[in-house]
Amino acid sequence: MGEDVYIVPTILTNDPQVFAAQLQAYPQFAKRIQIDLMDGTFTADKSLPESTIAGLPQGVSFDLHLMSARPSDHLTHLLRLKPSLCILHAEASEDLTPFFSEFKKAGIKSGLALLPGTYPGLVKAYIEAVDHVLIFAGSLGKQGGQADLLQMEKIKLIREINPTVEIGWDGGANLTNVRALAHADLNVINVGSAISKTQDKKVAFDQLVEESKKRGIM
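Listed below in structure tokens is the structure:
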């Protein structure tokens, strides 16, 4: 892997000004961006509601990661924004199959997020149905958490269920571990604070991309 991995900046905030600034800045250097949405059903905090997002810039692929137990509360606006990919949580209280069908009708790829305690085999049918599986390995709803690298063991289990599915990583990715992650049969590495909390976000992004392409341990 390595050279085949997307480094994807993530936007997670409830501040409209921060959201607007990052939505303007990230497309200047990244071809793919993830927007994290949370409504308080899985997290202590809430993000900027998707209903307040007027639209997404053209020319960039957007992934929407919905941290919600009730995707039905958000479906209308998810379809309106028409991202490239919409990721729902396996731990949601609703059957996700109808949502995957709605996304497909709208030309949106479907994704499934797995919290650390969720074993891939328990959601086999979902993994077989989606285009993307997101391994969550940080602190849900927060940027700057520490990566639980033991979650990498899920990669092989997911591949056994769906060999061609795109696999993403979310949680604690930074310069100290991005090379290991990039060579662990992942396709996407989402990065939060290692970009958002730096003074020069493009430089931070470029450093992560460069590091992810390196081979070996030194």
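Heads up: the sequence shown runs through residues 126 to 343, numbered per this note's numbering. Positions of the beta carbon are idealized from the N, C-alpha and C atoms, including for glycine. Since this is a predicted model, take the numbers as computed values, not measurements.
Item	Value
Exposure label - SER337; buried when at least 16 CB within 10 Å	buried
Beta-carbon gap between GLY296 and THR135 smaller than 8 Å	no
CA-to-CA distance, MET277 to ASN139, given in whole angstroms	30 Å
Validate contact between the segment 218 to 227 and the segment 260 to 274 using beta carbons, cut 8 Å, 3 pairs	no
For GLU291: DSSP bridge partner residues	HIS257
Touching by the beta-carbon criterion (3+ pairs, under 8 Å), the segment 181 to 200 and the segment 213 to 221	yes
Run of the alpha helix (DSSP H) containing HIS214, from where it starts to where it stops	Looking at the DSSP string, HIS214 is not in any alpha helix (DSSP H); the run it does join, the beta strand (DSSP E), is 210 to 214.
PRO174 beta carbon less than 8 Å from that of LEU189	no
Beta-carbon proximity of VAL255 to LEU240, cut-off 8 Å	no
Buried or exposed (CB count within 10 angstroms, at least 16 for buried), ASP164	buried
Residue from LYS326, THR289 and LEU282 whose Cα sits closest to the Cα of GLN153	LYS326
Per DSSP, the bridge partner or partners of ILE392	Because the chain is modelled from 126 through 343, residue 392 falls outside the range shown and cannot be assessed.
Continuous beta strand (DSSP E) stretch holding ILE178: start and end	Segment: none, ILE178 is in no beta strand (DSSP E) and carries neither H nor E.
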